[in-house]
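A.B. asks: In numbering that gives the first Met the number 0, the protein residues as written are 0 to 254.
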Amino acid sequence: MAEVSDSDKALNRALWAVVNERFTDAAAADMWSRPETVWGLFSVPERELGVLGEVRGLDVAELACGTAYFSAWLARAGARTVAVDLSHEQLTTARRMQAQVGPAFPLVQGDGERVPLRSGAYDLVVSEHGAAAWCDPERWLPEAARLLRPGGRLVFLTNSLLSALCVPLEEGVAGERLLRGQREAYRVRWPGGGAEFHPSHGDWVRLLRGSGFVVAALREVYAPAQAHDHTFYEIVSKDWATRWPAEEVWVAVRR
Ligand SMILES: C[S@@+](CC[C@H](N)C(=O)[O-])C[C@H]1O[C@@H](n2cnc3c(N)ncnc32)[C@H](O)[C@@H]1O
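1. So Phe184 is in the alpha helix (DSSP H); what residue range does that whole segment cover?
2. The beta strand (DSSP E) with Asp122 in it runs from where to where?
3. Mind pulling the alpha helix (DSSP H) runs of 4 or more residues that sit fully within the region 109 to 164?
4. CB-CB under 6 Å to Pro244, same chain, minus the five flanking residues each way: which ones, in chain order?
5. Starting from Asp84 and walking both ways along the beta strand (DSSP E), at which residues does that stretch end?
6. To which residues of the same chain is Arg254 closer than 8 Å at the C-beta, ignoring the five residues directly before and after it?
7. Quick one: residues with CB closer than 5 Å to any heavy atom of ligand 1, in chain order, please.
8. Could you check the C-alpha separation between Ser32 and Asn11 for me, to the nearest Å?
9. What three-state label does DSSP hand Arg194 in the structure shown?
10. Assess, as a yes-or-no matter, whether the region 116 to 130 is touched by the region 44 to 61 under the definition of 3 or more beta carbon pairs within less than 8 Å.
11. Less than 7 Å between the C-beta atoms of Glu53 and Pro44, yes or no?
12. Please report the distance separating the alpha-carbon of Ala144 from that of Ser70.
13. Rounded to the nearest angstrom, what separates Ala16 and Asp110 at their Cα positions?
14. Is it buried or exposed for Ala98, if we count other Cβ within 10 angstroms and need 16 for buried?
15. Expressed to the nearest angstrom, what Euclidean distance is found between the alpha-carbon atoms of Ala26 and Glu47?
16. Please state the DSSP three-state secondary structure of Asp228.
17. Are the CB atoms of Ala251 and Leu217 within a distance shorter than 7 Å?
18. Buried or exposed, going by whether 16 or more other CB atoms sit within 10 Å of the CB of Ala163?
19. State the beta-bridge partners of Asp212 as determined by DSSP.
20. Per DSSP, which one or two residues make a beta bridge with Arg218?
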């Protein structure tokens, strides 16, 4: 299986420094200021998906947190969160948001494939458009398992396999044609972009089970009818995403 090479990791780190420049403080503040936890490109509320359960009092680690808005929402809901990302630039924005919007919680610069956090210290590991796409599943899933207490949960959102098959390599949004074979999507290197992983559902089940998890749920995430096209991550249109799930959430329990 392909792993994220050091050069791909450098590529991804450089990509997120550039993305961070485009993802302004105003955009980050908008996410940090949301009144409730939502998932994905089309902001599907957690109260509708119901994949997290009660988080009050839980120790939570977020992997590949970006600007860490997801951790901010969980911290507001009463969780003790720590957020990890490879990108110094993304974490700098997160730190500014902690000062401007709050709340504050630990931010750690680190690799999702070698997480600099204690083993067996967390009840919940989350990642929203984070580790699942950007880290080798053969490396980050065992890391998530290592962090969790037995019975702890891993909940992550990533692009749906279908969208990974339909998004063009160059510019543009997903259309109605399959543009690559399913096995090619396992690891895609985007021209001008980074290197991403999009395992098939069969691969996810095998990888999760092999890393010490029991699969509890796979939720396919559609855009709500009243949603708008995402203004920043333009890979699928709202219209496409109301017909096909653009994203998926996996819930797995640490054995
Ligand atoms: C889509 S963003 C973050 C997710 C966040 N929820 C968001 O949508 O802004 C993806 C993040 O993955 C981070 N990332 C990429 N490779 C990583 C790795 N190997 N370890 C940790 N973080 C990584 C990038 O720095 C970037 O901040």
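A virtual CB, placed ideally from N, CA and C, is assigned to each residue, including glycine.
C.D. replies: Here's the rundown:
1. Residue 184 is actually Ala in this sequence, not Phe. In the DSSP annotation of this structure, Ala184 is not part of any alpha helix (DSSP H), being labelled neither H nor E.
2. First-last of the beta strand (DSSP E) with Asp122: Tyr121 to Glu127.
3. Counting whole runs of 4 or more residues, the region 109 to 164 contains the alpha helix (DSSP H) stretches 130 to 133 and 136 to 146.
4. The beta carbon of Pro244 lies closer than 6 Å to those of Ser159, Glu219, Val220 and Tyr221 in the same chain, with the five residues before and after it left out.
5. Looking at the DSSP string, the run of the beta strand (DSSP E) that includes Asp84 is Arg79 to Asp84.
6. Excluding the 5 residues flanking it on each side, Arg254 has same chain C-beta neighbours closer than 8 Å at Pro149, Gly211, Phe212 and Val213, in chain order.
7. Taking each Cβ in turn, the ones that pass are Asn11, Trp15, Ala63, Gly65, Asp84, Leu85, Ser86, Gln89, Asp110, Gly111, Glu127, His128, Gly129, Trp133 and Cys134.
8. So the two alpha carbons sit approximately 27 Å from each other.
9. The residue asked about is misnamed: residue 194 is Ala in this sequence, not Arg. Secondary structure of Ala194 (DSSP, three-state): strand.
10. Counting Cβ pairs under 8 Å, three or more are found: they touch.
11. With respect to the 7 Å criterion, Glu53 and Pro44 are not classified as neighbours on the basis of their beta carbons.
12. Rounded to the nearest whole angstrom, the C-alpha separation of Ala144 and Ser70 is 19 Å.
13. Computed Cα separation, rounded: 15 Å.
14. Residue environment for Ala98: exposed (fewer than 16 other C-beta atoms within 10 angstroms of its C-beta).
15. So the two alpha carbons sit approximately 24 Å from each other.
16. Of the three classes helix, strand and coil, the one that applies to Asp228 here is coil, per DSSP.
17. Taking 7 Å as the Cβ cut-off, Leu217 and Ala251 do not qualify as a contacting pair.
18. By the neighbour-count rule (16 or more Cβ atoms within 10 Å), Ala163 is buried.
19. Before going on, a small fix: residue 212 reads as Phe here, not Asp. Under DSSP, Phe212 forms a beta bridge with Arg253.
20. DSSP lists Val248 as partners of Arg218.
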